[in-house]
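Step one of this worksheet: look at the structure below.
The structure is reproduced here in C-alpha cells:
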C-alpha cells in the first residue's frame, strides 16, 4: 500500500456544527448516569449543589477561553498544541500527557459501568463486556470519522431525550424538604470533598477541540459546538441533580438495599416514582445504557486525536501520528489507546481510574487557561476568529477554580495525586532522555 505525505497525516474534514454538538454532549453525558451520586455521602445535597455550582462556573469560563484557542489553532492535539505554543515543548509535553491520561483513563471507568449494567440484565461477566466494548467501538472509529460522528449523534440525541423524560417523571415529585434531608453531613467542608464528583457532570467537554481538524468550518462551528454543548449540559445537570435527589432524598440514590453504594442513581430515583414492573421504568432504565455508550465511544475519538498529534510532533512514537490512507482515521493511535484501556481494566478499580482521569483534566484546564493569557500577550497578531468574552477574567476564573479543585483533590486523595504525579514525571523523564536527548 502506498502513501503520500498528506495521506499519512491528513484527517478528513466532514463535521458540521450539529455533529460537533453531538460529540460535545456525548463525551460528557455518561456523567449524568453514574458517578456524581458518590459525592452525596461526602458533601450531602447542599455540599454537592454548591460544588456543582462552582464547577459549572469553572467549565463555563474555561469553555469561553478554550474555544478561542481551538479556533486560532485548529489542530487535533487540543491542549497539547496550545500549551506547546505558549510555553515550549517541555510544558507542552506535560499538557499533552495530562490530556492523554484524562482521555485514556475515563473510557475504562465508563466501560466498567457498561459491563455492570449489562451484567444486571443478562448476567454476562462485567470484565468481558468491558473488553468487548473497547474492541467494538475502536473498530467503529477505525472505519471512518463521519460514520463514528453520525453514530455518536444518534446516541447523544436518544440519551438527551431520555434525561428529559426522566425530568418529566421525577420533577413533579420534587420537594425542597426532601432534597434538604441531612443537607451537610460533614459541614461546609464537604463541598471540597464533593468537587471531583461534580466535575463528572462536565468532564471531557474539551474533547471538542480535538476534532478541530475534522470540522468543515472550525472558526465558525467550534464556538457553536462548545456553547451549544455547554448550555445543554447545564440544563441536564440541573434536571439530574434536582430531580434525582428531590424525589426521595439523597440516600435513596446512593445506597442499595444491602447498604452498598450504587452506580445507578437514576433507576433508583425513578423506582420511588413509578413501579419497577411498569413499562416506563423498563424503558427509562434501558435507555440509560445509551448514555454510557455515547460517552465511551465519543471519548475514544478524542483520545486517539490527542495521541495522534503527539506522534505527529515526534514527542511520542512517530507511528502514533499516522493516518490510514483509506479510512483517513488514526488507526495506530486508536489501537494504542485500546491497549492502555485494557491495562486499566485489568486493575478492576473504577473509582481509582476516575480520580486519575480527573487529575489529568484539572492540569489540562490550568495549563490551557494560562495559555489563553500568554498567547494574547506574546502573539497579539495571531489570527483569532473568535475571542474569549470578558477577557482576561474568563481564563483567570477558570484557572483559579481548576487550581482550587486540584488542591482539594490532592488533600483528599494524596496517594492518587502521587500516582498521577508519577505518571506525569515518568513520562516527562522518558521524553527528555529518549526523545529529546
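Numbering (the numbering used here), first residue to last: 663 to 1099.
Built from N, CA and C at the ideal position, the CB exists for glycine as well.
All figures in this text were calculated on a predicted structure; none of them were measured in a lab.
Would you grab the beta carbon distance between residue i and residue j for me? Rounded to a whole angstrom, and I think it's under 8 Å.
i, j, result
"residue 863", "residue 1056", "Not quite, the Cβ-Cβ distance comes to about 20 Å (not below 8 Å), so this is no contact."
"residue 977", "residue 758", "7 Å"
"residue 1102", "residue 870", "With the chain running from 663 to 1099 in the structure shown, residue 1102 is simply not present."
"residue 707", "residue 841", "6 Å"
"residue 1023", "residue 865", "6 Å"
"residue 775", "residue 925", "6 Å"
"residue 724", "residue 1027", "5 Å"
"residue 942", "residue 779", "With a Cβ gap of about 18 Å, residue 942 and residue 779 do not count as contacting."
"residue 689", "residue 957", "6 Å"
"residue 861", "residue 685", "Not quite, the Cβ-Cβ distance comes to about 19 Å (not below 8 Å), so this is no contact."
"residue 799", "residue 959", "5 Å"
Please name the residue or residues paired with residue i in a DSSP beta bridge.
i, result
"residue 624", "What the structure shows of the chain is the stretch from 663 to 1099, and residue 624 is not part of that stretch, so it cannot be assessed."
"residue 877", "677"
"residue 923", "917"
When we look at the beta-carbon of residue i and count the other beta-carbons within 10 Å, is it buried (16 or more) or exposed?
i, result
"residue 991", "buried"
"residue 922", "exposed"
"residue 940", "exposed"
"residue 1008", "exposed"
"residue 818", "buried"
"residue 665", "The predicted model places residue 665 with a pLDDT of 38, which falls under 50 and marks its position as unreliable; any figure quoted below should be read in that light. The residue is exposed, with fewer than 16 neighbouring Cβ atoms inside 10 Å."
"residue 1031", "buried"
"residue 1089", "buried"
"residue 1076", "exposed"
"residue 815", "buried"
"residue 768", "buried"
"residue 849", "exposed"
"residue 852", "buried"
"residue 687", "buried"
"residue 1018", "buried"
"residue 854", "buried"
"residue 784", "exposed"
"residue 1044", "exposed"
"residue 1041", "exposed"
"residue 838", "exposed"
"residue 786", "exposed"
"residue 726", "buried"
"residue 830", "exposed"
"residue 790", "exposed"
"residue 918", "exposed"
"residue 736", "buried"
"residue 1087", "exposed"
"residue 952", "buried"
If distances are taken between C-alpha atoms only, which option among the options comes closest to residue i?
i, options, result
"residue 762", "971, 915, 980", "971"
"residue 876", "780, 967, 1079", "967"
"residue 691", "839, 680, 820", "820"
"residue 760", "1075, 1078, 1029", "1029"
"residue 755", "739, 770, 893", "739"
"residue 796", "777, 814, 851", "777"
"residue 1112", "803, 799, 771", "Limits of the chain in this structure are 663 at one end and 1099 at the other, which puts residue 1112 out of reach."
"residue 997", "802, 904, 936", "802"
"residue 969", "854, 961, 982, 831", "982"
"residue 950", "813, 695, 1042", "695"
"residue 718", "1079, 859, 937", "859"
"residue 678", "856, 826, 799, 879", "879"
"residue 828", "1045, 873, 898, 1042", "898"
"residue 845", "995, 709, 856, 774", "709"
"residue 979", "686, 734, 1093", "1093"
"residue 1091", "681, 693, 752, 687", "752"
"residue 683", "764, 891, 712, 938", "891"
"residue 912", "711, 693, 681", "711"
"residue 826", "1040, 975, 900", "900"
"residue 1078", "1039, 1021, 1066, 985", "1021"
"residue 947", "716, 823, 773", "823"
"residue 773", "1025, 1083, 1002", "1002"
"residue 843", "861, 1025, 736, 914", "914"
"residue 1053", "1066, 1062, 1034", "1034"
"residue 873", "1005, 681, 974", "681"
"residue 995", "1036, 1006, 965", "965"
Taking only beta-carbon atoms, is residue i less than 8 Å away from chain B?
i, result
"residue 801", "The chain inventory of the structure shown lacks chain B, comprising one protein chain alone."
(request) Count the C-beta pairs between the region 743–750 and the region 1047–1062 that are closer than 8 Å, then say yes if the count reaches three, no if not. (result) no
(request) Decide yes or no for the touch test of the region 721–736 against the region 1004–1013: beta carbon pairs closer than 8 Å, at least 3 of them. (result) no
(message) Check whether the region 928–941 and the region 701–710 are in contact - that is, three or more C-beta pairs closer than 8 Å.
(response) no
(message) Check whether the region 894–908 and the region 1066–1082 touch, using three or more Cβ-Cβ pairs below 8 Å as the test.
(response) no
(request) For the region 1058–1065 and the region 805–814, state whether three or more C-beta atom pairs, one from each stretch, are separated by less than 8 Å. (result) no
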